[in-house]
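A.B. asks: Please see the structure below; I have some questions.
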Amino acid sequence: MARAATTSDAFNAIAEPQRRDILTLLRAGDRPVTDLAQQLGMSLPGASKHLRVLREVGLVRVRGAGRQRLYGLDARGLRPIHEWVGGFEEFWTGSFDRLDSYVQDLKQTRMEE
Numbered sequence: 001m002a003r004a005a006t007t008s009d010a011f012n013a014i015a016e017p018q019r020r021d022i023l024t025l026l027r028a029g030d031r032p033v034t035d036l037a038q039q040l041g042m043s044l045p046g047a048s049k050h051l052r053v054l055r056e057v058g059l060v061r062v063r064g065a066g067r068q069r070l071y072g073l074d075a076r077g078l079r080p081i082h083e084w085v086g087g088f089e090e091f092w093t094g095s096f097d098r099l100d101s102y103v104q105d106l107k108q109t110r111m112e113e
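In UniProt numbering, the protein residues as written are 1 to 113.
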């Protein structure tokens, strides 16, 4: 089965490390493209391209603020990713429970020695 194009699939969009870096910076609040480009050491056209992709898949929103355009996270676009990752919570919880049990058994064995 063919994968969706990057511009229509949030999972493909966040596969790019620089886009994840942009999302991480936007967690602190809205920022202009110039700030994002400077913080990440990329060109303005490069940052703009990544922001366009993130906006097209619904992960980023843009609003005007005077002569600037500010970019921010769009939580609605993050929901499918959150829900998918959340499906693995049982795996991690079970793994940590087994690890905790193993550590407790080791401690008990050492105390008995």
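Backbone N, C-alpha and C fix where the C-beta goes; we use that ideal spot for every residue, glycine too.
Roughly how many angstroms separate the alpha carbons of residue 49 and residue 55, rounded to a whole number?
C.D. replies: Computed Cα separation, rounded: 10 Å.
A.B. asks: Identify the continuous alpha helix (DSSP H) that holds residue 33 and give its terminal residues.
C.D. replies: Unbroken alpha helix (DSSP H) run through residue 33: 33-40.
A.B. asks: How would you call residue 28, buried or exposed, if buried means at least 16 neighbouring beta carbons within 10 angstroms?
C.D. replies: The residue in question, residue 28, is exposed, as its Cβ has fewer than 16 Cβ neighbours within 10 Å.
A.B. asks: For residue 53, which three-state DSSP category applies?
C.D. replies: Three-state DSSP puts residue 53 in a helix.
A.B. asks: Reducing DSSP to helix, strand and coil, say where residue 80 ends up.
C.D. replies: Residue 80: helix per DSSP, three-state reduction.
A.B. asks: By a C-beta neighbour count over all protein chains shown, 10 Å radius and 16 as the cutoff for buried, is residue 77 buried or exposed?
C.D. replies: Label assigned to residue 77: buried.
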